[in-house]
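Protein chains in written order, with my numbering: chain A, 9 to 269; chain W, 740 to 1020.
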């Protein structure tokens, strides 16, 4: 399958390290935010205390992918989140925690891996079809850096806390995206996925604190019995702040909600 | 002013602030139990159209969606309240802790939907009279001579059926709420129902997600309609079982994994019919 390529701002000392799995193991990339990229490229005078840089070979300006607008923007947004979740569970299954986990927990992470990979590949296929005439509008494969974000796949608590964070984020993100979707079929698809993310969140929360109300805890659900619904901008910032996404992209043109809440 | 117009102007901020005192109504529940057996409710859903048809048809799909949601929330709220009032669950058990948390949410959903409908100038449907024995088929609150163990199993089985129905029913109404201020709060309820479902299923020894159209071990056959249609493997015309996952191969059976990864919507008619099994009037 042809995978779109994004221009990345880093020197890959390991050679053609284009395998996601290997990349996650290697880590070592800091997230480069779009503003930073722009600053570097557009503010050449800002170079305090440093020697003038030798003029490098002219490189093409790195293009930062924007998720886009309308339903396509929302699909790319969901695709980005599913890529993150799938990459995380892929990595989890290579770690020491998983290797030594009880069967019940192994099975749980097998399921979460399956579901998130299926979601990711669903969006990959659906978006490719929707952008057949304009493939550049499809979010490329993102690279992730779990180690750089302080995520330790060898440690049970780190794995469970990260899973909880990602699943909670997914639920909140899908809930907040629903009112920005124009096409009913896409809304229903998002609904088919978000409830599975919520089932995951509940299971992980239950595993973290058994015999408690945390599966649907007061830390996330409000007095009206409602889960959060976050704006894409807030989700974007939160994910960027995690430091886990190594491929810069922006979310500057996502649609507004049809009703302000 | 049309109802759609009112819905459009309705802001969910009102939903958050306006609380009704409907919860008080739950204090005066009529007694259930054996006497409900006089109304023999057939299990076959096809024979139960009369009750399904009793639900609202206002001509406005958004209002109908919310009235259906309210009916399901009435059912859940009353079920959990009665469950907690019975002595069936062991004090301090995982089940009781879960039921208390879920009960809180379902009662809040009832209040929330009533406030939302009233705020939109729509009269909320009245709370039906429920019979959680489904005409004497179950004894979840141990009102009969069933053993406590069986009652407990039935109580958890019904909880699973109600939560999984709730997830599918809200999903089925999402499109009807598009373009209204109710869509987002409905989605916010929808995911909470899924969290409930996952925990109840796990308490019952199942996975938190639905495999194929399997209702799962220990679920009465009467609940099969909750799960029919969950076995979908094509999403947006994409065959996710035949798909080549390349260097991310799925673990285990692909069909199992694909059906788990998506929850399917349920029509309002099916949801009404399932709820109708437990509605006397």
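Idealized CB from N, CA, C, for every residue including glycine.
The C-beta distance from residue 970 (chain W) to residue 998 (chain W) rounds to 5 Å, short enough to meet the 8 Å contact threshold. With a beta-carbon spacing of about 6 Å, residue 842 (chain W) and residue 820 (chain W) fall inside the 8 Å limit used to define contacts. When the five nearest sequence neighbours on each side are left out, the beta carbons in the same chain lying within less than 7 Å of the beta carbon of residue 938 (chain W) are those of 837, in order along the chain. Here residue 849 (chain W) is not near residue 810 (chain W), since their CB atoms are 7 Å or more apart. Contact between the segment 917–925 of chain W and the segment 200–209 of chain A is not established, with fewer than three Cβ pairs separated by less than 8 Å. Using a Cβ distance threshold of 7 Å, residue 915 (chain W) and residue 801 (chain W) count as a contacting pair. Scanning chain W for C-beta atoms nearer than 9 Å to the C-beta of residue 200 (chain A) yields 910, 971, 974, 1000, 1001, 1002, 1003 and 1004, reported in chain order.
Shown here for residue 974 (chain W): same chain residues with a beta carbon closer than 8 Å to its own, the five before and five after excluded, namely 1001 in chain order. Between residue 185 (chain A) and residue 116 (chain A), the alpha-carbon positions lie close to 27 Å from each other. For the segment 98–111 of chain A, residues whose beta-carbon sits nearer than 7 Å to a beta-carbon of chain W comprise 98. Per DSSP, the unbroken alpha helix (DSSP H) holding residue 1011 (chain W) starts and ends at 1007–1015.
Under the 7 Å criterion on CB atoms, residue 207 (chain A) is classed as interfacial with respect to chain W. Annotation for residue 223 (chain A): 210, 213 and 214 place their beta carbon closer than 7 Å to its own, counting only its chain and skipping 5 residues before and after. Contact annotation for residue 85 (chain A) against chain W: no contact, minimum CB-CB distance about 15 Å [criterion: below 9 Å].
For residue 129 (chain A), the chain W residues whose C-beta falls within less than 8 Å of its own C-beta are 979, 982, 984 and 987, listed in chain order. Chain A places no beta carbon closer than 7 Å to that of residue 858 (chain W), leaving this residue out of the contacts. Residue range 887–912 is occupied by the alpha helix (DSSP H) that includes residue 895 (chain W). Distance between residue 822 (chain W) and residue 104 (chain A), taken at the CA atoms: about 43 Å. DSSP places residue 130 (chain A) within a helical segment (H, G or I) once states are collapsed to three. At a cut-off of 7 Å between beta carbons, residue 91 (chain A) makes no contact with chain W.
Rounded to whole angstroms, the gap between the alpha carbons of residue 869 (chain W) and residue 192 (chain A) is 34 Å.
Identification of residues in the segment 222–234 of chain A having a C-beta nearer than 7 Å to some C-beta of chain W yields 223, 224, 229, 231, 232, 233 and 234, given in sequence order. Here the alpha carbon of residue 74 (chain A) sits roughly 45 Å from the alpha carbon of residue 963 (chain W). Neighbours of residue 121 (chain A) in chain W, taken as residues at a C-beta separation under 7 Å, are given in chain order as 990.
For residue 102 (chain A), no alpha helix (DSSP H) run applies, since DSSP gives it neither H nor E.
Secondary structure of residue 202 (chain A) (DSSP, three-state): helix. Pairing residue 812 (chain W) with residue 948 (chain W), the inter-Cα distance amounts to about 21 Å. Secondary-structure assignment with DSSP links residue 917 (chain W) through no beta bridge to anything. By the C-beta density criterion, residue 102 (chain A) is exposed, having fewer than 16 other C-beta atoms within 10 angstroms. For secondary structure counted as the beta strand (DSSP E) over 3 or more consecutive residues, the segment 184–244 of chain A holds no complete run. Counting other Cβ atoms within 10 Å of its Cβ, residue 887 (chain W) stays below 16 and is therefore classed as exposed. Residue 152 (chain A) is a Cβ neighbour of residue 252 (chain A), given a cutoff of 7 Å. Residue 196 (chain A) is positioned such that its CB atom lies no closer than 7 Å to that of residue 100 (chain A).
An exposed status is given to residue 264 (chain A), since fewer than 16 other beta-carbon atoms sit within 10 Å of its beta-carbon. Residue 93 (chain A) is not a Cβ neighbour of residue 131 (chain A), given a cutoff of 7 Å.
Inter-residue distance for residue 851 (chain W) and residue 909 (chain W) is about 15 Å (C-alpha atoms, whole angstroms).
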